[in-house]
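Engineer: Take a look at the following structure, please.
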Amino acid sequence: MAWNEPGNNDKDPKDPWSGRNDNSGPPDLDEALRSLQEKFSGIFGSGGSGGGNSGGSAGSWGGIGLLALLGALLWLATGFYIVDAGIRGVETRFGAYTLTTDPGLHWHLPWPFEQVRQVDVKSTRFIEIGYRSTGSRRGKQSVSSIHQKEEALMLTQDENYVDVRLAVQFLIKDPKAYLFNVLDPTMTLKQVVQSVEREVVGTSSLDFVLTEGRSEVVAAIEKDSQRLLDEYKTGIQITSVNLVEAQPPEQVQAAFQDVVKAREDRERAINEAQTYSREVLPRARGEAARQLQSAEGYKARVVSEATGRASRFSQLLAEYQRAPRVTRERLYLEAMEKVLANSKTIMVDVKKGNSLMYLPLDQLSSKRTTPNISRSRQRSSQISQVIPQSTQPIRQSSRGREGRVR
Numbered sequence: 009m010a011w012n013e014p015g016n017n018d019k020d021p022k023d024p025w026s027g028r029n030d031n032s033g034p035p036d037l038d039e040a041l042r043s044l045q046e047k048f049s050g051i052f053g054s055g056g057s058g059g060g061n062s063g064g065s066a067g068s069w070g071g072i073g074l075l076a077l078l079g080a081l082l083w084l085a086t087g088f089y090i091v092d093a094g095i096r097g098v099e100t101r102f103g104a105y106t107l108t109t110d111p112g113l114h115w116h117l118p119w120p121f122e123q124v125r126q127v128d129v130k131s132t133r134f135i136e137i138g139y140r141s142t143g144s145r146r147g148k149q150s151v152s153s154i155h156q157k158e159e160a161l162m163l164t165q166d167e168n169y170v171d172v173r174l175a176v177q178f179l180i181k182d183p184k185a186y187l188f189n190v191l192d193p194t195m196t197l198k199q200v201v202q203s204v205e206r207e208v209v210g211t212s213s214l215d216f217v218l219t220e221g222r223s224e225v226v227a228a229i230e231k232d233s234q235r236l237l238d239e240y241k242t243g244i245q246i247t248s249v250n251l252v253e254a255q256p257p258e259q260v261q262a263a264f265q266d267v268v269k270a271r272e273d274r275e276r277a278i279n280e281a282q283t284y285s286r287e288v289l290p291r292a293r294g295e296a297a298r299q300l301q302s303a304e305g306y307k308a309r310v311v312s313e314a315t316g317r318a319s320r321f322s323q324l325l326a327e328y329q330r331a332p333r334v335t336r337e338r339l340y341l342e343a344m345e346k347v348l349a350n351s352k353t354i355m356v357d358v359k360k361g362n363s364l365m366y367l368p369l370d371q372l373s374s375k376r377t378t379p380n381i382s383r384s385r386q387r388s389s390q391i392s393q394v395i396p397q398s399t400q401p402i403r404q405s406s407r408g409r410e411g412r413v414r
């Protein structure tokens with residue numbers, strides 16, 4: 009028999025269609041609403057205990073209004089936000105830019121009307137071109153870096169391949185431009201640097217890029233890249249461009265290294281020569297100056313002596329013109345005095361042999377060494393032969409002078 013058929017003798021109280029409402033059945037909907045209304049009225053202190061329908065409705069609407077007010081206050085409180093140091097807040101209203109805020113406490117209309125995006129303008133960011141670092145060394149090529157050939161290989165002006173790897177550091181200088189002017193600022197920066205890099209390398213020779221032109225290449229890339237970024241209004245400021253590595257392809261690296269070593273040897277030899285010249289030239293200049301001064305002194309001395317001799321000769325000429333014979337004899341005697349001053353020759357007048365002469369033979373012999381004794385004897389014998397001939401003219405000339413004096 010079915011549960012709702014007659015004949016059940018009203019023993020089953022669970023018939024949902026019988027209209028019964030005993031304690032075991034489901035609660036009435038109106039009763040549940042009234043119970044909930046009474047609870048809210050009790051919470052917010054409204055109405056008496058009886059609480060007719062009119063009083064319950066007024067209390068419920070007052071509680072809902074208070075809840076709405078609290079909810080509105082909480083919603084408005086969500087509009088407060090704090091911007092930290094080195095950060096800028098960018099406020100948008102329905103997605104459109106409205107304001108850029110500095111560090112501190114600020115308020116804006118809560119969601120969904122306005123939103124705030126905070127942008128870090130202090131931290132330095134990096135992009136890598138030609139390689140990817142797998143370690144923690146950002147901005148430099150780490151040992152475990154991955155080579156990106158499609159970014160690194162490019163042609164030079166002399167149609168050679170070169171492998172160039174760059175690390176670019178940048179800051180955000182304009183948060184508004186960074187967020188709204190370009191879709192992907194980092195990708196835009198990377199493409200701009202790659203384009204400028206290929207242009208600069210393409211107008212330079214391989215030797216220039218790999219050796220003395222490295223700094224010039226980096227400076228040109230940084231300058232032109234920043235100019236394009238400013239034209240695109242990306243809000244990015246490049247702080248540095250580092251040339252991590254620049255090398256020829258692997259097939260010619262050995263030959264190029266030989267060229268580099270030869271160039272280094274040449275530079276070293278030039279530096280050594282310059283150092284030697286800096287050491288030698290001052291000494292040579294000093295020696296030349298000393299010799300010039302010595303020559304000037306010698307010149308002055310010789311000229312002075314020659315001038316003195318010329319003056320003496322002029323005076324002697326005047327004396328000779330007044331007394332030629334006397335002047336000749338005086339010159340002869342002066343010459344003999346100079347000649348015989350350093351000689352050991354002794355002149356004796358043999359015609360006046362009565363006088364006893366003392367010769368200091370001991371002093372003469374002490375000044376000579378033993379091997380020279382024979383030579384001194386020979387010279388003394390020669391002197392004895394020469395003396396009679398040489399003294400006679402002198403005696404005659406002296407007698408002539410005595411006669412003239414008398």
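When the letters of the sequence shown are read in order and numbered with our numbering, they come out as residues 9 to 414.
Even glycine gets a Cβ: it sits at the ideal position worked out from N, Cα and C.
Note that the coordinates shown come from a computational prediction; the quantities given were computed from them, not determined experimentally.
1) Fully enclosed by the segment 283-349, which beta strand (DSSP E) runs are 3 residues long or longer?
2) Look up residue 279 in the DSSP assignment and say whether it is helix, strand or coil.
3) Please name the residue in 101, 161 and 89 whose C-alpha comes closest to that of residue 257.
4) DSSP has residue 176 in a bridge; who is on the other side?
5) Look at the alpha carbon of residue 177 and the alpha carbon of residue 206, and state the distance between them as a whole number of angstroms.
6) Please report the straight-line C-alpha distance between residue 289 and residue 274, rounded to a whole angstrom.
7) Is residue 217 near residue 164, with beta carbons less than 8 Å apart?
8) Give a yes or no on whether the C-beta atoms belonging to residue 83 and residue 118 are separated by under 8 Å.
9) Looking at the unbroken alpha helix (DSSP H) that takes in residue 214, where does it start and where does it end?
10) Kindly confirm or deny that the segment 259-274 and the segment 227-237 touch, where touching means at least three C-beta pairs closer than 8 Å.
11) Expressed to the nearest angstrom, what Euclidean distance is found between the alpha-carbon atoms of residue 381 and residue 301?
12) For the segment 183-199 against the segment 221-229, do three or more pairs of beta-carbon atoms, one drawn from each stretch, fall closer than 8 Å, so that the two count as touching?
13) Does the structure place the segment 108-117 close enough to the segment 78-98 that three or more beta carbon pairs sit under 8 Å?
14) Which residues bound the alpha helix (DSSP H) around residue 226?
15) For residue 238, which of 197, 339 and 341 has the nearest alpha-carbon?
16) Using 8 Å for Cβ pairs, my map puts residue 137 next to residue 202. What's the rounded Cβ distance?
17) Thinking C-beta only, is residue 89 closer than 8 Å to residue 79?
18) Given a cut-off of 8 Å on the beta-carbon distance, is the pair residue 229 and residue 204 in contact?
19) Based on the DSSP output, what are the partners of residue 113 in its beta bridges?
Structural biologist: In this structure, then:
1) none
2) helix
3) Nearest C-alpha to residue 257 among 101, 161 and 89: 161.
4) 135 and 249
5) Pairing residue 177 with residue 206, the inter-Cα distance amounts to about 19 Å.
6) 22 Å
7) yes
8) For residue 83 and residue 118, yes; Cβs fall inside 8 Å.
9) 214-218
10) The segment 259-274, when compared against the segment 227-237, does not touch it at the 8 Å Cβ threshold.
11) Residue placement at residue 381 is flagged as unreliable, the pLDDT there being 45, under the threshold of 50; the coordinate-derived value follows with that caveat. So the two alpha carbons sit approximately 48 Å from each other.
12) no
13) yes
14) 222-240
15) For residue 238, the closest C-alpha among the options 197, 339 and 341 is that of 197.
16) 6 Å
17) no
18) yes
19) According to DSSP, residue 113 bridges with 90.
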